[in-house]
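Just below is one structure, and these are the notes that go with it.
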Amino acid sequence: MDIKVLIDYLPLYKEALLLTLKIGWLGILAALVIGIAGAAILHFKIPVLKQIFGVYIEIFRNTPLLVQLFFIYFALPKIGIKISAEMCGVLGLGLLGGAYMIETFRSGLESIAKIQTESALSLGMTKGQVLVHIILPQALSISVPGILANLIFLLKETSVFSTISLMDLMFTAKDLIGMYAKTIECLFMLVVFYLIMLLPVSIIGSIIERRVRYAEFGD
Amino acid sequence: MQSLGIDVLFKGTNMLRLLQGLWVSVAISLISVAFSIVLGFIVGVLMTSENKIIKAILRVYLEIVRIMPQMVLLFIVYFGTTRVFGWNLSAEVSAIIVFIFWGTAEMGDLVRGSLKSIPVIQYESAKALGLNNFQVYFHIIVPQTIRRLIPLSINLITRMVKTTSLVMMIGIVEVLKVAQQIIEANRKASPNAAFGVFLVVFILYFLICWPVSRLAKILEKRWA
Amino acid sequence: MKNNWLKKLLATVATVALAGSFLVGCDSAGGSTDNTSGVKYRTLDEIKASGKINIGVFSDKSPFGYVDENGKYAGYDVYFAEKIGEDLGVEINYVSTEAANRIEYLQTGKVDIILANFTVTPERAEEVDFALPYMNVALGVVSPSDAVITSLDEIGADDEVIVISGTTAETYLTKNYPNIKLQKYDAYAQAKTAFENRNGVAWANDNTEVIAFAIENEGYTVGIPSLGDQDTIAPAVTKGNETLLKWLNDEIVAIGADNFFHADYEATLLDTYGSDYEDELVVESGIVK
Numbered sequence: 141m142d143i144k145v146l147i148d149y150l151p152l153y154k155e156a157l158l159l160t161l162k163i164g165w166l167g168i169l170a171a172l173v174i175g176i177a178g179a180a181i182l183h184f185k186i187p188v189l190k191q192i193f194g195v196y197i198e199i200f201r202n203t204p205l206l207v208q209l210f211f212i213y214f215a216l217p218k219i220g221i222k223i224s225a226e227m228c229g230v231l232g233l234g235l236l237g238g239a240y241m242i243e244t245f246r247s248g249l250e251s252i253a254k255i256q257t258e259s260a261l262s263l264g265m266t267k268g269q270v271l272v273h274i275i276l277p278q279a280l281s282i283s284v285p286g287i288l289a290n291l292i293f294l295l296k297e298t299s300v301f302s303t304i305s306l307m308d309l310m311f312t313a314k315d316l317i318g319m320y321a322k323t324i325e326c327l328f329m330l331v332v333f334y335l336i337m338l339l340p341v342s343i344i345g346s347i348i349e350r351r352v353r354y355a356e357f358g359d
Numbered sequence: 002m003q004s005l006g007i008d009v010l011f012k013g014t015n016m017l018r019l020l021q022g023l024w025v026s027v028a029i030s031l032i033s034v035a036f037s038i039v040l041g042f043i044v045g046v047l048m049t050s051e052n053k054i055i056k057a058i059l060r061v062y063l064e065i066v067r068i069m070p071q072m073v074l075l076f077i078v079y080f081g082t083t084r085v086f087g088w089n090l091s092a093e094v095s096a097i098i099v100f101i102f103w104g105t106a107e108m109g110d111l112v113r114g115s116l117k118s119i120p121v122i123q124y125e126s127a128k129a130l131g132l133n134n135f136q137v138y139f140h141i142i143v144p145q146t147i148r149r150l151i152p153l154s155i156n157l158i159t160r161m162v163k164t165t166s167l168v169m170m171i172g173i174v175e176v177l178k179v180a181q182q183i184i185e186a187n188r189k190a191s192p193n194a195a196f197g198v199f200l201v202v203f204i205l206y207f208l209i210c211w212p213v214s215r216l217a218k219i220l221e222k223r224w225a
Numbered sequence: 029m030k031n032n033w034l035k036k037l038l039a040t041v042a043t044v045a046l047a048g049s050f051l052v053g054c055d056s057a058g059g060s061t062d063n064t065s066g067v068k069y070r071t072l073d074e075i076k077a078s079g080k081i082n083i084g085v086f087s088d089k090s091p092f093g094y095v096d097e098n099g100k101y102a103g104y105d106v107y108f109a110e111k112i113g114e115d116l117g118v119e120i121n122y123v124s125t126e127a128a129n130r131i132e133y134l135q136t137g138k139v140d141i142i143l144a145n146f147t148v149t150p151e152r153a154e155e156v157d158f159a160l161p162y163m164n165v166a167l168g169v170v171s172p173s174d175a176v177i178t179s180l181d182e183i184g185a186d187d188e189v190i191v192i193s194g195t196t197a198e199t200y201l202t203k204n205y206p207n208i209k210l211q212k213y214d215a216y217a218q219a220k221t222a223f224e225n226r227n228g229v230a231w232a233n234d235n236t237e238v239i240a241f242a243i244e245n246e247g248y249t250v251g252i253p254s255l256g257d258q259d260t261i262a263p264a265v266t267k268g269n270e271t272l273l274k275w276l277n278d279e280i281v282a283i284g285a286d287n288f289f290h291a292d293y294e295a296t297l298l299d300t301y302g303s304d305y306e307d308e309l310v311v312e313s314g315i316v317k
């Protein structure tokens with residue numbers, strides 16, 4: 141392996157990491173918002189919206205992100221809906237992630253025993269108070285390992301952004317290989333940068349998961 | 002009114018080729034899932050082991066699978082191995098290797114999960130009844146685990162199928178690549194082909210994955 | 029407690045990094061001197077004996093290499109590939125390639141010949157061996173007719189120019205116009221669709237390709253018909269594959285005597301370019317005028 145090549149390429153990979161993170165986090169933020177809203181809608185069985193979200197979840201959980209992105213980025217402009225590549229990345233990741241986050245939050249919500257709601261209500265709290273003070277905090281903390289798993293999954297999925305011209309880590313590696321044919325160096329850097337990005341999240345994830353499991357023992 | 006380009010698919014053998022492309026993805030997934038289930042069982046049982054070395058190795062393995070995007074693994078196996086070891090793997094074989102590598106870890110984790118979910122008391126009672134270790138596994142534990150595992154493994158199939166959309170990146174001519182070829186060959190006659198063709202690809206993926214994941218859900222509810 | 033946690037984190041980072049680097053890194057011992065250790069190729073005799081030759085072509089670059097509606101490969105490059113198969117007496121296995129993979133495919137022995145509109149450049153010649161050329165090429169830039177770009181200086185700071193990853197257009201612009209923002213795609217089909225969708229102000233590529241695009245699609249003008257050096261396009265083989273290279277060179281010289289590439293042009297490119305470009309594009313027997 142040629143160390144000089146590694147050093148030469150470093151700034152390009154750094155830039156790519158920043159882009160991946162930027163789009164990744166925006167997409168994940170969108171996914172969280174969709175996730176919480178959708179979980180609440182499904183949990184409280186709000187008519188019409190419930191059906192819409194049901195269909196949305198099925199569509200986005202049963203098609204690959206790559207195909208979703210192709211459709212949003214290449215096909216929709218043909219009927220007059222044009223979105224920039226970055227926006228498309230955020231949107232695609234947000235919609236895909238949202239479909240997964242809803243399930244995660246919902247199982248969190250459902251795991252809170254009914255009795256808690258009833259006791260809180262009998263103590264004179266309003267429904268809104270019960271939701272904000274009793275159910276959400278618990279539901280969210282139970283969902284944390286699931287959220288982190290989704291987070292890793294979504295950050296990994298950013299690798300398909302390369303197909304819609306976003307210069308993420310994957311594209312940078314592919315592009316450099318195509319231009320200068322330093323395959324081994326490029327792939328090595330790619331692996332290292334994904335480790336830098338995801339290993340900490342993964343480790344924090346498993347630590348929290350263990351904690352939550354301990355917490356569940358009292359149940 | 003310009004056409005939305007769906008008509009392109011009825012020219013020549015275009016639709017047939019698109020379906021053949023889809024079959025390539027599905028075939029790769031099915032082969033990979035079959036291997037992953039078998040290997041996943043072994044890995045899953047190993048994961049319950051108390052041996053420190055086995056634990057450490059599996060930990061690293063799982064961590065790699067968890068962190069590395071499948072596309073990165075595809076590139077490493079397809080291009081990297083030839084560079085480093087001189088192996089000349091075809092794109093299809095590389096893809097299957099990567100998906101088995103990934104699927105085995107997923108499956109292993111599921112197997113571990115369901116093995117752990119069987120209360121210790123069952124092992125103990127079975128032993129107290131005079132069954133040996135082997136009998137305990139085969140008559141008591143495995144039947145219960147398999148029930149829990151079937152829906153989860155079916156889910157793995159849909160995830161595999163979805164992930165195989167990436168194999169286009171290492172030059173396998175599957176449904177997305179065929180879609181691009183069709184769009185390109187008909188650019189002049191039908192400039193909006195991108196809409197129709199990608200819409201159909203989107204629908205095809207959904208039609209494959211949706212029934213399978215429904216089935217998984219139904220089984221999960223019934224056997225839970 | 030906290031210390032313990034940190035230790036674990038570091039240990040895992042170290043193990044995984046090690047395992048990861050093992051996969052890609054362990055060549056550094058054997059391959060650092062030169063990269064031929066991983067380079068594999070099949071000699072002419074081995075190809076003949078196997079009865080099959082692997083030729084890398086584009087499958088989405090009409091009219092040079094594409095797949096027609098019946099699933100058959102066609103185009104200027106493919107016409108030549110067919111002739112190679114015929115004269116070698118072997119079957120052809122077409123491998124669909126993207127621009128950025130071409131060198132990689134040769135160096136890893138996944139194809140025997142690349143016939144994917146491969147422009148000869150000094151950088152590429154270090155990685156692969158080019159045979160005699162069969163086509164002339166330069167770079168060109170096409171843009172929508174209502175906003176034609178006739179000089180690269182017209183491109184604004186926020187405008188993006190579409191290129192295909194791994195092409196000479198990309199290398200040229202990266203090197204000579206580092207301030208121009210590039211929007212890169214893997215595949216021709218994607219780049220063209222994005223260009224039609226107006227995701228970039230212009231598309232820079234081989235001039236043959238952009239001229240063809242402007243002729244075939246209404247509303248586009250090639251504002252910059254020739255940019256950079258006059259280059260040629262040639263078949264390429266894996267570095268060191270002398271038997272195959274020699275055979276290819278002999279073949280190109282021999283079929284040039286019958287004006288093979290003019291026939292190729294007339295069969296595959298005439299519909300697109302008309303006859304005006306025939307003598308400009310075609311190179312016979314490897315002799316560039």
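Residue numbers (our numbering), protein chains in the order written: chain A, 141 to 359; chain B, 2 to 225; chain C, 29 to 317. Note that beta-carbon positions come from the ideal geometry of N, C-alpha and C, so glycine has one too.
Neighbours of G314 of chain C in chain A, taken as residues whose beta carbon is under 7 Å from its own, are absent, since the nearest beta carbon is some 25 Å off. Note that the C-beta distance between V176 of chain B and G22 of chain B is below 8 Å.
Residues of the same chain with a CB within less than 6 Å of the CB of G286 of chain A, apart from the 5 flanking positions on each side, are T244 in chain order. Distances from the alpha-carbon of A127 of chain C to those of C:E294, C:G256, C:D292, C:K212 put C:K212 closest.
Considered as a whole, the region 16-64 of chain B harbours no complete run of any alpha helix (DSSP H) with no fewer than 4 residues.
Residues M48 of the same chain have their beta carbon placed closer than 6 Å to that of L59 of chain B, with the five preceding and five following residues left out of the count. Ranking C:A109, C:T271, C:A242, C:E154 by CA distance to the CA of V123 of chain C puts C:A109 first. Chain-order list of chain B residues neighbouring D88 of chain C: Q181, Q182, E185, by C-beta distance under 7 Å. The continuous stretches of alpha helix (DSSP H) do not include L255 of chain C, which lies in the beta strand (DSSP E) extending over residues 248-261. For M265 of chain A, the nearest beta carbon of chain C is not closer than 8 Å to its own beta carbon. As the crow flies, the alpha-carbon of A170 of chain A is around 58 Å from that of A77 of chain C. With at least 16 other beta carbons inside 10 angstroms of its own, T105 of chain B counts as buried. In the DSSP annotation of this structure, the continuous segment of the beta strand (DSSP E) that includes I190 of chain C starts and ends at 188-192. In chain order, I97, F100, I101, G104, M161 place their CB closer than 7 Å to the CB of S33 of chain B, counting only its own chain and leaving out the 5 sequence neighbours on each side. By the C-beta criterion, the region 207-225 of chain B is judged to be in contact with the region 192-210 of chain A, since at least 3 inter-stretch pairs fall below 8 Å.
Along the region 151-173 of chain B, the positions whose C-beta sits under 8 Å from a C-beta of chain C are M170, G172, read in chain order. With respect to M170 of chain B, M72 of chain B sits close: the two C-beta atoms are nearer than 8 Å. Residue state for V316 of chain C is assigned as coil, using DSSP reduced to three classes.
For P70 of chain B, the nearest beta carbon of chain A is closer than 8 Å to its own beta carbon. Listed by position along chain B, the residues whose Cβ is nearer than 8 Å to that of V123 of chain C are G172. When secondary structure is reduced to three states using DSSP, G318 of chain A falls in the helix class. According to the DSSP assignment, I7 of chain B belongs to no beta strand (DSSP E), since it is labelled neither H nor E. Contact annotation, L143 of chain C with L272 of chain C: C-beta distance approximately 13 Å; criterion of less than 8 Å not satisfied. In terms of Cβ geometry, D257 of chain C and A166 of chain C form a close pair [threshold 8 Å].
Put simply, the CB of A215 of chain C is near chain B, with a gap under 8 Å to one of its CB atoms. Residues of chain A with a Cβ closer than 8 Å to the Cβ of W24 of chain B do not exist, since the nearest Cβ in that chain sits about 16 Å away.
In the DSSP assignment, N164 of chain C forms a beta bridge with C:T260. Within a 10 Å sphere around the beta-carbon of S118 of chain B sit fewer than 16 other beta-carbons, which makes this residue exposed. Here R351 of chain A is exposed, its C-beta having fewer than 16 other C-beta atoms within 10 Å. Of B:Q136, B:W224, B:Q181, B:A186, the smallest CA-CA separation from A215 of chain A is found for B:Q181. In the three-state scheme derived from DSSP, where H, G and I count as helix and E and B as strand, G194 of chain A is classed as helix. Counting only runs of 3+ residues, the beta strand (DSSP E) found wholly inside the region 174-249 of chain C occupies 188-192, 209-213, 230-234, in chain order.
Counting along the chain, G93 of chain C sits inside the beta strand (DSSP E) bounded by residues 93-95.
No Cβ-Cβ contact shorter than 8 Å links I75 of chain C with E279 of chain C. Where K111 of chain C is concerned, the enclosing alpha helix (DSSP H) starts and stops at 104-116. Residues of chain C whose Cβ lies closer than 8 Å to the Cβ of N15 of chain B are, in chain order, E97.
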